[in-house]
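To start, the structure itself, in structure tokens.
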Amino acid sequence: MHGLIQTKIPQNTFPKAKGSKPIILSTSKLAVTFPEVKTRLDRLWSAPRSHGCRGYRTFFSFLCCSLCSWDSRLWCYETAQSQFQSHNVSHANISGRFHSDKSCGTGQGRRFSPPVAEEGASRSGEGPIINSRHGGGSFNSAAKDVAVEALRQQGYKVVVSDLYAMNFRASATMEDITGEVKNPEHFKYGEETMHAWKEGRLSDDIIAEQRKVEAAELVIFQFPMYWFSVPAIMKGWIDRVLTQGFAFSLQKMYNNGIFKDKKAMLSFSTGSMQTMYRPDGINGDINVTLWPLQNGVLHFCGFQVLAPQVFWCPGHSPPANRTAMLDGWRARLKTLLVERPLTFALSEMFDLTFPGGFVLRPEVRKEQSTRPHGITTGHHLGKPLPPDNQLKADDPSSLTTS
5 MHGLIQTKIP
15 QNTFPKAKGS
25 KPIILSTSKL
35 AVTFPEVKTR
45 LDRLWSAPRS
55 HGCRGYRTFF
65 SFLCCSLCSW
75 DSRLWCYETA
85 QSQFQSHNVS
95 HANISGRFHS
105 DKSCGTGQGR
115 RFSPPVAEEG
125 ASRSGEGPII
135 NSRHGGGSFN
145 SAAKDVAVEA
155 LRQQGYKVVV
165 SDLYAMNFRA
175 SATMEDITGE
185 VKNPEHFKYG
195 EETMHAWKEG
205 RLSDDIIAEQ
215 RKVEAAELVI
225 FQFPMYWFSV
235 PAIMKGWIDR
245 VLTQGFAFSL
255 QKMYNNGIFK
265 DKKAMLSFST
275 GSMQTMYRPD
285 GINGDINVTL
295 WPLQNGVLHF
305 CGFQVLAPQV
315 FWCPGHSPPA
325 NRTAMLDGWR
335 ARLKTLLVER
345 PLTFALSEMF
355 DLTFPGGFVL
365 RPEVRKEQST
375 RPHGITTGHH
385 LGKPLPPDNQ
395 LKADDPSSLT
405 TS
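Position one of the sequence shown corresponds to residue 5 (the working numbering), numbered consecutively onward.
See below:
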């Protein structure tokens with residue numbers, strides 16, 4: 005995955021202050037074959053030699069480098085199987101189609117890797133990129149490269165955290181703390197890591213990532229969507245790096261959160277076509293899918309959340325369409341830092357006390373009762389969801405603090 009970090013920026017200006025950084029979190033994970041694959045590949049292996057072992061090896065290689073989600077890989081498998089069994093598709097055509105079309109770039113069996121500015125290029129702003137991927141050549145890798153190049157060309161220093169190359173550990177355990185824990189018999193990860201953060205006793209890998217976040221202005225998470233969420237290694241980064249005290253507290257969260265002067269966004273590819281993520285699509289409303297990550301993680305920590313960059317189904321798209329997707333991303337990056345963030349419910353709209361239950365204040369509920377839509381995707385109040393609340397920036401005047 006790829007992620008990028010950046011701070012609050014005045015309208016129509018690009019900050020050049022020293023110490024500001026963008027970060028990119030990136031994950032491009034090798035595909036893992038699903039249970040039926042071995043059985044079906046065995047059938048292909050036993051097929052007539054005219055379309056036998058060479059095609060088998062090529063298709064298996066494709067499975068291992070694919071970054072599509074499960075439904076995408078299954079579609080690819082069924083297509084490959086039918087073509088092998090049709091006796092009229094050559095090994096070269098199969099290899100070219102699946103190795104080029106399912107890789108990121110411009111097709112013709114080539115993998116796309118946009119040029120990156122020299123490390124010594126002039127820059128005053130800074131931003132880390134957190135990347136989790138096995139090697140290059142994927143669409144998400146190309147999207148990360150586009151972001152690195154575009155931001156460096158604007159004078160920003162971009163730091164990449166390649167989580168797979170770093171062997172970043174996804175599991176949150178007692179090993180994340182150096183020295184003695186407060187209560188080893190009843191270990192509570194959240195409390196222990198909060199104390200360890202205060203005392204400077206978190207593990208070195210966590211401290212290194214937290215320093216990148218502290219120095220960053222914008223965080224971009226670049227990843228292929230897995231199971232309607234981020235890949236496991238990216239979830240591990242969230243769990244281990246965004247510790248209590250460092251990233252949030254009961255006193256500092258949501259629009260009053262610790263990172264309220266920083267921006268963050270998701271940039272990801274899907275394995276399904278866009279229509280499948282409509283309110284009437286089989287996968288359900290993409291706004292609902294994005295709510296836990298954009299509100300429950302990013303906004304919860306105070307980030308100003310920019311509209312996501314969604315690459316719809318690049319694995320099933322022709323090379324020209326994938327190139328157009330990357331060109332669109334490159335164009336957006338030119339003005340990304342002055343975009344208005346997504347709209348979320350303000351903390352001031354709630355009774356932030358334990359007796360009050362942290363629910364909407366009565367006067368807010370009364371005012372909202374006359375509106376045709378809910379406040380946000382999560383605060384729908386039993387009414388229709390506000391259109392594209394998690395996809396597009398809205399007019400903040402739609403909220404109230406009265």
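The beta carbon of each residue, even a glycine, is placed where N, CA and C say it ideally should be.
In this structure, the alpha-carbon of phenylalanine 304 lies about 23 Å from that of arginine 173.
Closest in C-alpha terms to tyrosine 230, from the list Pro188, Met238, Val223, comes Met238. It is roughly 42 Å from the alpha-carbon of leucine 385 to the alpha-carbon of aspartate 209. Bounds of the beta strand (DSSP E) holding leucine 270 are 266-273. Straight through space, the alpha carbons of threonine 347 and proline 390 are spaced by roughly 10 Å. A contact between stretches requires three or more CB pairs, one per stretch, nearer than 8 Å, and the segment 247-255 meets this requirement with the segment 194-207. In the DSSP assignment, alanine 220 falls outside any alpha helix (DSSP H) and within the unbroken beta strand (DSSP E) covering 220-228.
Counting only residues of its own chain and dropping the five nearest sequence neighbours on each side, phenylalanine 191 has a CB closer than 8 Å to the CB of Met178, Val185.
Between the alpha carbons of leucine 270 and alanine 219 lies a distance of about 19 Å. The three-state reading of DSSP puts serine 145 in helix, counting H, G and I together. An exposed status is given to alanine 212, since fewer than 16 other beta-carbon atoms sit within 10 Å of its beta-carbon. Ala176 is the residue among Leu302, Gly240, Ala176 whose C-alpha sits nearest the C-alpha of tyrosine 193. In the structure shown, serine 165 adopts extended strand secondary structure according to DSSP, grouped into three states.
Secondary structure of proline 323 (DSSP, three-state): helix.
For valine 292, the enclosing alpha helix (DSSP H) starts and ends at 290-297. Close CB contacts of methionine 277 within its chain, under the 8 Å cut and outside five residues either way in sequence, are with Trp316, Cys317, His320 (chain order). By alpha-carbon distance to phenylalanine 232, the top candidate from Phe143, Gln255, Gln308, Leu297 is Leu297. Closest by C-alpha distance to glycine 183, out of Tyr258, Met170, Pro359, Leu206, is Leu206.
Inter-segment contact for the segment 282-301 and the segment 324-342 is absent: fewer than three beta-carbon pairs are separated by less than 8 Å. Lysine 266 and leucine 222 do touch by the CB rule: their CB atoms are close to 7 Å apart, below 8 Å. Counting only residues of its own chain and dropping the five nearest sequence neighbours on each side, histidine 377 has a CB closer than 7 Å to the CB of Lys387, Pro388, Leu389, Pro390.
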